Amino acid sequence: MKVKGNDVGGYTQRFQELALMCTKFISNETEKVVKYINGLPDNIHGNVMSARPKTLDDAIELANDLMDQKLRTYVERQAENKRKLNNNNQAPQ
1 MKVKGNDVGG YTQRFQELAL MCTKFISNET EKVVKYINGL PDNIHGNVMS ARPKTLDDAI
61 ELANDLMDQK LRTYVERQAE NKRKLNNNNQ APQ
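Just so we're aligned: 15 in the UniProt record's numbering is position 15 of the sequence shown, and the numbers increase by one with no gaps anywhere.
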């Protein structure tokens with residue numbers, strides 16, 4: 001199971017539902033953490049992995065924080081690029 005797009009929240013909810021139903025496949029907390037991290041998108045996977053979260057809750061919190069940060073940065077860059085474009089179009093020719 002993998003995150004679709006940037007929907008870490010949806011992935012997290014579905015992962016927790018499946019973890020409750022499939023206790024034979026995910027028997028302990030460490031296994032849950034590893035499997036959860038493996039489903040994260042590449043742009044945050046490495047950061048969450050290197051933090052070595054001990055619990056699933058820690059991994060979820062970190063993944064959500066990182067994804068929020070990535071999305072904020074993306075929005076800020078888009079706004080800045082738009083400002084630059086508008087400024088260039090308004091410059092005297």
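We put the CB at the ideal spot given by N, CA and C, even for glycine.
What you are looking at is a predicted structure, and each value in this text was computed from that prediction instead of being measured.
Run the CB neighbour count on V8, radius 10 Å, all protein chains shown included, and call it buried at 16 or more, exposed below. buried
L56 - containing alpha helix (DSSP H), residue span: 56-90
If you draw a straight line from the alpha carbon of I26 to that of K2, how long is it in whole angstroms? 16 Å
Could you tell me how far apart the beta carbons of L56 and Y36 are, in whole angstroms, since I believe they sit closer than 8 Å? 6 Å
Cutting at 7 Å between CB atoms, please list the residues of its own chain near N43, excluding the five before and the five after it. K70
Sorted by chain position, which residues of the same chain lie with C-beta nearer than 8 Å to V48's C-beta, five sequence neighbours on each side aside? I37, L40, A59, L62, A63, L66
Would K32 pass as a contact of A19 if the rule is Cβ separation under 8 Å? yes
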